[in-house]
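Protein chains: 4
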Amino acid sequence: MTDIAHLGHVEVYTDRFDESLDFFTRVYGLTMSGQDETSAYLRAWDDYEFHTLKLTRHHTTGVGHIGYRASSEAALMRRVEAIEASRFKSIGWVDGDLGHGRAYRFEDPFGHVFEIYWDTNRYEPGPGDTSALKNMSSRFHARGACPRRLDHLNLLSADVTVFREFMETCLGSRVTEMIQLDNGRLGGCWFTVNNKTYDLACTEEHGGGEGRLHHVTYATDQREDILRAADIFLENGVHIETGPHKHAIQGTFFLYVWEPAGNRVELANAGARLILAPDWERVVWTEADRKKGQAWGLKTIETFHTHGTPPVPGKPDS
Amino acid sequence: MTDIAHLGHVEVYTDRFDESLDFFTRVYGLTMSGQDETSAYLRAWDDYEFHTLKLTRHHTTGVGHIGYRASSEAALMRRVEAIEASRFKSIGWVDGDLGHGRAYRFEDPFGHVFEIYWDTNRYEPGPGDTSALKNMSSRFHARGACPRRLDHLNLLSADVTVFREFMETCLGSRVTEMIQLDNGRLGGCWFTVNNKTYDLACTEEHGGGEGRLHHVTYATDQREDILRAADIFLENGVHIETGPHKHAIQGTFFLYVWEPAGNRVELANAGARLILAPDWERVVWTEADRKKGQAWGLKTIETFHTHGTPPVPGKPDS
Amino acid sequence: MTDIAHLGHVEVYTDRFDESLDFFTRVYGLTMSGQDETSAYLRAWDDYEFHTLKLTRHHTTGVGHIGYRASSEAALMRRVEAIEASRFKSIGWVDGDLGHGRAYRFEDPFGHVFEIYWDTNRYEPGPGDTSALKNMSSRFHARGACPRRLDHLNLLSADVTVFREFMETCLGSRVTEMIQLDNGRLGGCWFTVNNKTYDLACTEEHGGGEGRLHHVTYATDQREDILRAADIFLENGVHIETGPHKHAIQGTFFLYVWEPAGNRVELANAGARLILAPDWERVVWTEADRKKGQAWGLKTIETFHTHGTPPVPGKPDS
Amino acid sequence: MTDIAHLGHVEVYTDRFDESLDFFTRVYGLTMSGQDETSAYLRAWDDYEFHTLKLTRHHTTGVGHIGYRASSEAALMRRVEAIEASRFKSIGWVDGDLGHGRAYRFEDPFGHVFEIYWDTNRYEPGPGDTSALKNMSSRFHARGACPRRLDHLNLLSADVTVFREFMETCLGSRVTEMIQLDNGRLGGCWFTVNNKTYDLACTEEHGGGEGRLHHVTYATDQREDILRAADIFLENGVHIETGPHKHAIQGTFFLYVWEPAGNRVELANAGARLILAPDWERVVWTEADRKKGQAWGLKTIETFHTHGTPPVPGKPDS
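Chain order of the listed sequences is A, B, C and D. Numbering-wise, my numbering puts 271 at position 271 of the first sequence, and it's gapless, one number per residue. To convert, take the position in the second sequence, counting from 1, and add 1000; that gives my numbering. To convert, take the position in the third sequence, counting from 1, and add 2000; that gives my numbering. To convert, take the position in the fourth sequence, counting from 1, and add 3000; that gives my numbering.
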């Protein structure tokens, strides 16, 4: 096991807290396990930790911070040492919130705040929330789209090559697939710390923003769950941006919507695909490859390349 | 990453080689990447190695050996050292076959032969076999049940507690779920070396055999693939033993059939379930739990508890 | 178009009204469009009439009456004439209830009451219940199992041959598949008045009851909806009797549960199968055929052959 | 039952016969039941007639003729009388081909030839083609996309209002949904003669052609079959025009591809949706409705509005 075990949680900012919370619980199908003055702590029904999404009232949208869980206390300390020895910005230790113990924070050169932690609060289901199957983290509640677990997030940065160095250095993450642009730059990188095909993607910022979020994604058990979710979004007046369709990169079946505050949220299904090879040969996509569209030919719509959160003042669809 | 990266391949014996080969390629949907005097080397369309199933002509049915791939050459040597220092039986180095380089063999106390290796032959698709998507190991051929990759196998042993010690000591594997019998014995253990929920299960031998195989399993991308496969098996006269249904243990959606020589073969889908927690709390099933049947109530049929390969002379359905 | 257009609704009796209503609305996923002193009127989200299930407080369980809608006023009158000219029992005209206009009632020799009607109350969705797609009868609400529409029901009778004559004479229904027992009797008949493969089945009563119901069924759009429903039933403590699996007869994918009062309720999916041939050649199943089990080999459990509602005093599982 | 029972078959012209035949059998998954000098007779595995697609060598692409089966010999004669009494063009009786007996031909004002017939040749499966389930028309072969049955076709005409009169007069067909353009014209009509939601659609010709075909469609049992088919088309180099996605009109889940000669072919799944109401209230879509895109927001690509077969000389994508 690598030092970092898995993506733990994402803090998402919203300037329409009540509407966002209603979306994430009633429509998207997460459940609130707690709240404090500023935030609601949400999780999917089979997430084992207290929360995987921290939804926070804020004057902007976008990402607050990204949390990864270490593999052990010792592994955590090894990572802290590596970060402090690196050229990247350390913030230092913070107390945990409702979801976990102390965490070490650091920042990428594009303004995204990360944290790593070991002590976590496992979710303990109450009487109405305990599954009939003792190996499930809580009851399959079947409310809304009802994904199983947090899957990944996608950040935007002005220089993906630098971001890649940040991920490799600070988290020991590896690149499984990437886009090599004709101009020599990296268009995007897909990273993983475990057998998932990716837990974080970074694509090039085209909107001019700083520290922006492209999307956060939860995983469904079946593709059919995503088709069903499309009808749920439709009936609830949610803006469906694109999908359902299948990505060429990573082969993931996807659906993108915008939650009420404008943050892009995805549902995804990777089928049985995993990266099991310890010496996985990185897949490199060229611009020519990308011109073929997504796996089944869909051309991604314009907003997918420009919209991120927070929006950039004066830029349409950003 | 642990020393052992993943289950690599299973060698299955058949005393009806031609019929078994026809089943595995035309009906089950694996593809032959090579053959030698005794064996056909088969893989699922997205398995990255040369083979994941070695089908071998033999005077019996059952399992020839089980291969796990190490995470590196150094990790391989660490494991060899641990095995040699243990109370378990070392066999020693063997040359690889068509699928991989040298391998170190050892044996559990119940007669199952294991091997670990690092050097592997990646599958290189030819012109007619290259996928339109460059991140797929070969073309999705859509022939037969067409699973995506090798998933796990299930062995039988007279003492699951001892088998567990063997797996922990020799492979550094961990138990994610297990059956605790009222008589104090372990009824079964589910092991993993990575984020898969299990790659090997061992259940108690009730038929009196030695070194027997319960089943080998490949993973499909969707549950619907398994429902479709049930019709394919039906139309091809394959013996469907039980399923499709959902296991209580591990929550896997399953279908069990017997290939022409009698080896039990499964198709399974775990949805998006993974073991991401580095400190996963082992799930313990009691006999009382088991009496409820599988997840949706199906009582497992008698042969599931008695049939293994090779059959035990004089025992019906064994 | 034949004189009778389609199965319109089924009245189900319950001696646990509140629990049954909670089951049918919250778990099974029907919606209440109205109620009167004795009954709740329920429908699936794409049923076009005011109700398809009339759930009635009663001192027993079982079926109250079965309603079929005629193709026109003239067709209704032709059927009334045919019924009155037959050897079967006429009851006469009754006022409609909340769901439809006047109806003509008659009875089969086994105590099941039928009615036919033309005037109906179409369901008019209110503001919170109108679909985003104008061709849907109401909003896809995604609550519970959420089937699309009423599909069929199954009655028990002591003499299926007589019941068949009743259906052909009174409703002009046709038999699409049937079971021919070795003793010369009919074990069951599957009837339809339109292109559905069946809207009513009648199987031989083995429990000794009179006028009993075997089950009522709603149709889901996909098989995957039924697998998902199985988890919903599991998590809500509903008794799952058998399935999900595929029937040999009619090829329907099925799941049977008992609602809180004991009435058997099914979810079914027939895929794209329809009876389009005007001269469809009836399919006859023998006892030998039936011994093979359901399509994928499942042997139907004992209660499926004995349990009906109302239960017969003194008979287990009846 | 109306005079006309169902859509029986479509004759499709191809100027690349061998490639088209390979596509329809190996990739799309139909089976050839016979051939004569000019044509191959193809059917889906559960079509009950000898053929549902007649693929004919021709110097053009497009539709040869459209066959509907009558409900009886008497019904056939009633229709012939109605056609001859109408203002539409009678062609007269022709001998049947390999698939059916004599047929009466007539023509719409836009050059599409129709025929109606009663005598048909049921498909009789041979030893290798008989299903394990006696109620299936032949074995589920699982080759290619493997749809279950013919579903519908879509024709283009310069005046949909006139085409509608033709369908109502000659076939007694009814309109279930239609597009009402702001300019007062009909943009499209969806017709059915039975409980299917539609068996023929006619949309306005924008390419300037005469008697053109927009597409022919077969039905799959599940939406998941269509997602799987998308991968099959991808891996076989078939041009995927648009989809998988869900139509707003009729709510059908769809995927459109072009077979090698350029004829557009669809796979579709309607879930459990049927038109059971004898007095179905026609659904009228306005241009404003249509601007919302398909059900989940996809804007239909340009070629979908311009491409038909045969292509119009000098018009791109026509």
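Glycine is no exception: its CB is placed at the ideal position from the N, C-alpha and C atoms.
Residues that residue i bridges to, as DSSP identifies them
i, result
"Q2035/C", "A2040/C"
"L67/A", "Sequence check: residue 67/A is Gly here, not Leu. In DSSP, G67/A forms a bridge with H9/A, E115/A."
"F2024/C", "DSSP output for F2024/C lists no bridge partner at all."
"S3090/D", "F3106/D"
"T3056/D", "Y3013/D, S3039/D"
"I240/A", "V257/A"
"K2246/C", "F2253/C"
"T3266/D", "A quick correction: the sequence has Glu, not Thr, at residue 3266/D. Paired residue(s): T3217/D, Y3256/D."
"R3122/D", "E3049/D"
"I2004/C", "A2070/C"
Contact under 8 Å by Cβ, residue i with residue j
i, j, result
"I1226/B", "F1253/B", "yes"
"Q1294/B", "T1303/B", "no"
"L156/A", "H214/A", "yes"
"V1094/B", "R1102/B", "yes"
"V238/A", "V12/A", "no"
"T3002/D", "S3071/D", "yes"
"R3174/D", "I3116/D", "no"
"D2129/C", "R2139/C", "yes"
"F1088/B", "F1166/B", "yes"
"A3230/D", "W296/A", "yes"
"G2126/C", "F2050/C", "no"
"I1275/B", "T1220/B", "no"
"D3159/D", "E3287/D", "no"
"G3211/D", "I3004/D", "no"
"G3092/D", "G3209/D", "no"
"H245/A", "T306/A", "no"
"Q2222/C", "Q3222/D", "yes"
"L2053/C", "F2023/C", "no"
Cut-off 6 Å between Cβ atoms - residues of its own chain near residue i, not counting five sequence neighbours on either side
i, result
"V27/A", "G144, N236"
"E3073/D", "W3118"
"G3008/D", "G3067, Y3068, R3069"
"R2290/C", "none"
"G64/A", "E11, Y13, T56"
"V3283/D", "E3177"
"A3075/D", "D3003"
"P1310/B", "T1060, T1061, G1062"
"N3263/D", "V3012, T3061, T3309"
Residue i: CB within 7 Å of a non-hydrogen atom of the ligand SAM
i, result
"L3042/D", "The ligand content of the structure shown is nil, which means the ligand SAM is not present either."
Contact set for residue i: own chain, Cβ-Cβ below 8 Å, skip 5 residues either direction
i, result
"P278/A", "none"
"F1163/B", "D1108, P1109, F1110, L1155, S1157, C1189, C1202"
"T2120/C", "G2008, E2049, F2050, R2069, G2099, H2100, G2101"
Nonlocal neighbours in the same chain, by C-beta distance under 7 Å from residue i, ignoring five residues either side
i, result
"L3021/D", "A3040, L3055"
"D1015/B", "H1058, H1059, T1060, T1061, A1261"
"R2273/C", "T2197, G2251"
"V257/A", "F233, V238, H239, I240, E241, V265"
"I2083/C", "S2090, F2106, C2170"
"Q3035/D", "Y3041"
- [ ] Report yes or no: do three or more beta-carbon pairs, one from the region 2145-2153 of chain C and one from the region 2034-2048 of chain C, lie closer than 8 Å?
- [x] yes
Task: Contained beta strand (DSSP E) runs [length at least 3] in the region 129-176 of chain A, N- to C-terminal order - done: Listed in chain order, the complete beta strand (DSSP E) runs (minimum 3 residues) inside the region 129-176 of chain A are 149-157.
TODO: Identify every run of the beta strand (DSSP E) within the region 2176-2231 of chain C, keeping only runs that are complete inside it and at least 3 residues long; order them along the chain.
DONE: 2186-2192, 2200-2204, 2213-2219
Task: Contiguous beta strand (DSSP E) assignments of at least 3 residues, all confined to the region 276-318 of chain A - done: Within the region 276-318 of chain A, the runs of beta strand (DSSP E) that reach at least 3 residues and sit entirely inside it are, in chain order, 283-286.
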